[in-house]
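**Q**
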Amino acid sequence: MKKPTLKPPKRYTLLMNNHPHERVSKCPQCRKLTHRRKFPLLIWIDDGAAGIISVVLGKTGPYCTPCELIVVHRHEVAMELNGTEALDGGELGERAIHIAGTVDTKLWKAGLHSTGLSPSALVEAVTEFKKRLDLHVEPGGWFRSEDRPHRTD
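Just so we're aligned, residue 169 is where the sequence shown starts under my numbering, counting upward by one.
#1: To the nearest angstrom, how far is the alpha carbon of residue 265 from that of residue 214?
#2: Starting from the Cα of residue 222, find the closest Cα among 307, 208 and 278 and give me that residue.
#3: Reducing DSSP to helix, strand and coil, say where residue 222 ends up.
#4: Between the beta-carbon of residue 324 and the beta-carbon of residue 231, is there less than 7 Å?
#5: Mind checking if residue 208 is an interface residue toward chain B, Cβ cutoff 7 Å exclusive?
#6: Using DSSP with H/G/I as helix, E/B as strand and the rest coil, what is residue 249?
#7: With distances taken from CA atoms, which of 246, 267 and 247 is nearest residue 238?
#8: Less than 8 Å between the CB atoms is what I'm expecting for residue 178 and residue 297, so what's the real figure, rounded?
#9: Can you tell me which of 303, 197, 247 and 233 puts its alpha carbon nearest to the alpha carbon of residue 191?
#10: Rounding to the nearest angstrom, what Cα-Cα distance links residue 197 and residue 235 in this structure?
#11: Determine the direct distance from the alpha carbon of residue 200 to that of residue 248, and round the result to whole angstroms.
#12: Rounding to the nearest angstrom, what Cα-Cα distance links residue 272 and residue 295 in this structure?
#13: Please report how far the alpha carbon of residue 300 lies from the alpha carbon of residue 182, in whole angstroms.
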């Protein structure tokens with residue numbers, strides 16, 4: 169009898185930064201400095217009528233080890249994906265992207281040297297995120313009460 173394969177347990181917290189002019193150097197949860205680390209991320213791109221495009225992208229970015237928090241800057245992902253084979257040389261534009269999880273590093277590296285990963289192997293190698301967070305930015309400075317920017321959550 170074939171032993172069933174178990175999906176990896178959920179791990180990491182994803183913080184998506186949709187603000188192109190904002191950077192994260194400290195963890196928003198524990199306030200410790202982040203460091204750079206590379207993760208192979210499974211990204212789904214909504215291609216409208218054509219369906220969903222799956223891309224595995226090795227992305228280096230801020231990471232907080234105690235919180236297991238990965239910070240992804242959306243505009244950096246968009247710049248790296250623009251003009252690639254996945255988009256047939258086109259632009260990402262305003263298409264919706266969804267980061268599904270991280271891919272097993274050994275499998276990802278093996279896929280770099282071969283023709284690619286089979287969809288079934290890819291699905292089994294994906295570790296989903298425990299939590300997903302969005303970065304909310306409040307501009308600093310002094311404001312008169314009538315000029316204070318309103319927070320939209």
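Note that CB positions come from ideal geometry on N, CA and C, so glycine has one too.
Here the structure is a predicted model, which is why all the values come from computation and not from measurement.
**A** The structure says:
#1: 6 Å
#2: 208
#3: strand
#4: The displayed coordinates of the chain run from 169 to 321. Any statement about residue 324 would go beyond what the structure contains.
#5: The structure shown contains no chain B; it is built from a single protein chain.
#6: helix
#7: 267
#8: 7 Å
#9: It is 303.
#10: 7 Å
#11: Taking the straight line joining both Cα atoms gives about 28 Å.
#12: Rounded to whole angstroms, residue 272 to residue 295 spans 8 Å at the Cα level.
#13: 5 Å
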